[in-house]
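Report on the following structure.
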Amino acid sequence: MTTEIKAYGTQDPKADLKEMTIERRDLNENDVKIDILYCGVCHSDIHAARNDWGNAKYPVVPGHEIVGKVVEVGSSVSKFSEGDLVGVGCMVDSCLSCSACEDDLEQFCESGMVGTYNGKDKHLGGHTFGGYSTSITVREHFVLNIPKNLDLKSVAPLLCAGITTFSPLNHWKIKKGDKVGVVGLGGLGHMGIKFAAAMGAETIMITTSPEKAEDAKRLGADGVLISKDDEAMKEHRGSFDFILNTVPVKHDVNPYLQLLKRDATMVMVGAIEPLEPMNGGNLIIGRKSIAGSLIGGIKETQEMLDFCGKNDITCDVEMIDMDEINTAYDRVTDSDVKYRFVIDMQSLKN
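Residue 82 in the UniProt record's numbering sits at position 82 of the sequence shown; the count goes up by one each step and never skips.
Written as structure tokens, this is what we have:
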């Protein structure tokens with residue numbers, strides 16, 4: 001059985017998003033039904049709606065930074081009850097039995113994790129619909145507890161931008177005294193600065209834009225390195241323990257590799273397109289590494305939220321109503337937001 005609900009999406013990559021009706025499944029025994037309060041706007045939402053990656057399934061209803069209130073639970077649900085404030089991130093299902101899932105890395109499920117939108121819907125067939133909607137029904141395993149002390153609307157982007165930057169810092173065991181560079185100051189970069197600083201690292205914002213220095217320091221950066229300043233880049237050469245590269249477009253990574261210490265790593269979380277040609281010497285000399293990272297598993301995402309609760313960390317957001325989404329997409333594309341849009345989903349319910 002299914003229930004019709006309001007949503008916002010598009011039937012065509014060249015069309016604006018507009019109100020539509022979608023079907024949500026009725027509760028299974030291990031499901032949680034969530035009334036959506038807020039949904040963050042991720043650049044991936046835009047790529048999906050506009051079919052930039054060539055794999056969109058229409059209609060596309062984006063949204064994978066979801067915060068809401070539990071309104072109903074299935075008979076076998078044990079972790080949540082009606083009234084709980086919860087979150088849902090980038091995935092809503094996986095096999096839970098492969099080696100990746102058993103290692104709490106559901107995002108690397110060998111059968112393929114089910115994305116919150118545009119994933120293969122195992123229950124209704126077709127594909128999944130995301131958080132630009134009034135409610136969502138999700139398997140209990142993929143629902144997250146929200147710390148009660150955090151501002152809900154500013155929590156939403158933690159479910160993607162937050163875990164995307166927390167996970168590599170956590171995996172590479174960033175600690176007090178490490179020198180960490182964060183390349184790019186946008187939705188991801190601003191969270192990378194907050195997390196690295198909270199972990200006790202000497203946090204350096206690396207940017208091409210001198211005008212971003214003041215904001216970077218407000219967010220917690222200890223210093224700012226202008227990558228277009230050749231002399232400054234030389235001064236910092238070989239001094240970084242770790243670099244988190246959040247730049248979402250193709251760019252030359254060689255100058256950043258030269259900043260790394262011996263045996264240090266730069267992790268890419270922004271660009272999923274071919275890198276500019278790399279000089280192998282920048283890796284070989286110093287035994288340096290370049291790696292990638294994709295969101296995080298459910299256990300680690302909960303750890304991230306708990307870390308945010310303990311350290312009072314949320315995203316810097318700008319609130320919009322649902323009918324402002326098309327303008328917001330244009331502004332995200334133009335890098336005209338500090339630093340993440342969040343939709344007040346009450347505006348869709350009215």
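Here a beta-carbon is modelled for each residue, glycine too, at the ideal position from N, C-alpha and C.
An exposed status is given to G292, since fewer than 16 other beta-carbon atoms sit within 10 Å of its beta-carbon. In the DSSP assignment, R331 falls within the unbroken alpha helix (DSSP H) covering 325-333.
Counted as a single uninterrupted DSSP element, the beta strand (DSSP E) harbouring R25 occupies residues 18-25.
Shown here for G63: same chain residues with a beta carbon closer than 6 Å to its own, the five before and five after excluded, namely C39, G130, G131, Y132 in chain order. Pairwise C-beta distances place the stretch 313-323 in contact with the stretch 185-204, as three or more of them are shorter than 8 Å.
Residues F242, T265, V267 of the same chain have their beta carbon placed closer than 8 Å to that of W172, with the five preceding and five following residues left out of the count. Cβ contact annotation for R50 (same chain, cutoff 6 Å, sequence separation greater than five): P13, in chain order. Using a C-beta cut-off of 8 Å, the stretch 146-157 makes no contact with the stretch 171-185, since fewer than three inter-stretch Cβ pairs fall below that distance. In summary, Q346 is exposed, with fewer than 16 beta-carbon neighbours lying within 10 Å of its beta-carbon over all protein chains present. DSSP, reduced to helix, strand and coil, places S44 within a helical segment of the structure shown. Inclusion of L259 and R237 in the CB contact set at 8 Å is warranted, their separation being smaller than that value. Runs of the alpha helix (DSSP H) lying entirely within the stretch 219-278 and spanning at least 4 residues, in chain order: 230-235, 254-257. Residue burial annotation: P274 is exposed, with fewer than 16 other C-beta atoms found within 10 angstroms of its C-beta. Inclusion of S227 and I206 in the CB contact set at 8 Å is warranted, their separation being smaller than that value. Comparing alpha carbon positions, the residue from I272, S75, E276, F166 closest to D306 is F166.
DSSP places G125 outside both helix and strand once states are collapsed to three, so it counts as coil. Approximately 5 Å separates the beta-carbon atoms of N30 and E140; this is inside 8 Å, confirming the contact.
Taking C-beta separations shorter than 8 Å and ignoring five residues to either side along the sequence, the partners of D312 in its chain run N149, L150, following chain order. By the C-beta density criterion, E82 is exposed, having fewer than 16 other C-beta atoms within 10 angstroms.
Nearest neighbour of K338 by Cα position, chosen from N170, E19, T3, C42, turns out to be C42. Under the rule that a run must span 4 or more residues, the alpha helix (DSSP H) segments found entirely inside the stretch 284-326 read 298-311. Here the alpha carbon of T327 sits roughly 10 Å from the alpha carbon of T333. As a beta-bridge residue in DSSP terms, N145 pairs with V86.
Cα atoms of L96 and P147: separation of roughly 25 Å, rounded to the nearest angstrom.
A distance below 8 Å separates the beta carbons of V88 and L159.
The Cβ neighbour count for V71, taken over all protein chains shown within 10 Å, is under 16; the residue is labelled exposed. Per DSSP, the beta bridge partners of T207 are I226. Here the C-alpha atom of D104 lies approximately 5 Å from the C-alpha atom of G297.
Per DSSP, the continuous beta strand (DSSP E) segment holding K179 begins and ends at 179-183.
Residue environment: R24 is assigned as buried (16 or more neighbouring CB atoms within 10 Å of its CB, all protein chains considered).
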